[in-house]
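Let me begin by presenting the structure, written as structure tokens, before commenting on it.
In this note's numbering, the protein residues as written are 8 to 246.
Quick look at the structure:
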């Protein structure tokens, strides 16, 4: 048995954080009526950084560096941690009714369903990805996508994903206030800046990966979106 999803893609241009997040916040309301099929939104953001619903934005980010680099920052309505977004990262918003036949187990079931969709899409490019609780999709222990979800109404859920087609690690190091960065700086504070950057790059490269890195190909973001769309719009409820 298959369950049809509705799909729309924003391909004309990367969206501002205000635009993309506002559209996604309408998704749960659009599927709140019983029997409404899920709604999938695929798009990209302008260069930006987005924090989770419960994060302290000033603790998470170096806002002065964001402003200096003209990097937008905003807060999403779903949980999880800070994510760097941009034209080379697929953004995915998904609204689903909790009573929809293809969803089992509430938020936990939604994470498993969406991880299967993403893993199935990546499989088309020869990438073997696995869901690692509670909210990461990994390839050989390296994160390639982050998952987050929140209840929007009594009977519908909103889900967000960011899938790394490519990623700017030096940008992440510059604008984020993470404990890892602080520990790294303390560890090598007497070394030249270039060595600090190199060590930070290697550290993040061991923890994260991208579609282009795994395939060795300059895949276009739209190709990855299409694979997700093809996998996501027809999903077996019994997989």
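Here a beta-carbon is modelled for each residue, glycine too, at the ideal position from N, C-alpha and C.
Since we're looking at a predicted model, the values are computed, not measured.
Going by C-alpha distance, which of the options is nearest residue i?
i, options, result
"residue 54", "94, 85, 82 and 230", "94"
"residue 37", "50, 219, 134 and 13", "13"
"residue 230", "128, 24 and 25", "128"
"residue 166", "101, 19 and 110", "101"
"residue 21", "174, 49, 35 and 40", "49"
"residue 63", "71, 43 and 88", "88"
"residue 28", "171, 39, 42 and 51", "51"
"residue 151", "30, 65, 106 and 91", "91"
"residue 146", "161, 85, 125 and 65", "125"
"residue 96", "174, 31 and 24", "174"
"residue 216", "32, 69, 18 and 172", "172"
Within 10 angstroms of its Cβ, does residue i collect 16 or more other Cβ (buried), or is it exposed?
i, result
"residue 61", "exposed"
"residue 77", "exposed"
"residue 104", "buried"
"residue 163", "buried"
"residue 221", "buried"
"residue 234", "buried"
"residue 59", "buried"
"residue 140", "exposed"
Roughly how many angstroms lie between the CA atoms of residue i and residue j, to the nearest whole one?
i, j, result
"residue 137", "residue 123", "8 Å"
"residue 154", "residue 118", "7 Å"
"residue 46", "residue 67", "31 Å"
"residue 224", "residue 81", "31 Å"
"residue 135", "residue 98", "20 Å"
"residue 15", "residue 214", "32 Å"
"residue 121", "residue 238", "10 Å"
"residue 143", "residue 130", "17 Å"
"residue 56", "residue 218", "20 Å"
"residue 42", "residue 83", "27 Å"
"residue 106", "residue 170", "27 Å"
"residue 73", "residue 168", "22 Å"
"residue 149", "residue 133", "16 Å"
Provide the residue(s) that pair with residue i in DSSP beta bridges, ordered along the chain.
i, result
"residue 169", "98 and 153"
"residue 162", "Residue 162 pairs with nothing; no bridge assigned."
"residue 146", "149"
"residue 215", "150"
"residue 103", "164"
"residue 15", "48"
"residue 174", "Answer is none; residue 174 lacks a bridge partner."
"residue 22", "52"
"residue 138", "144"
TODO: Could you name each continuous beta strand (DSSP E) segment of 3 residues or more that falls completely within the segment 40-95, going from the start of the chain to the end?
DONE: Complete beta strand (DSSP E) runs here, min 3: 46-50, 55-58, 79-82 and 90-92.
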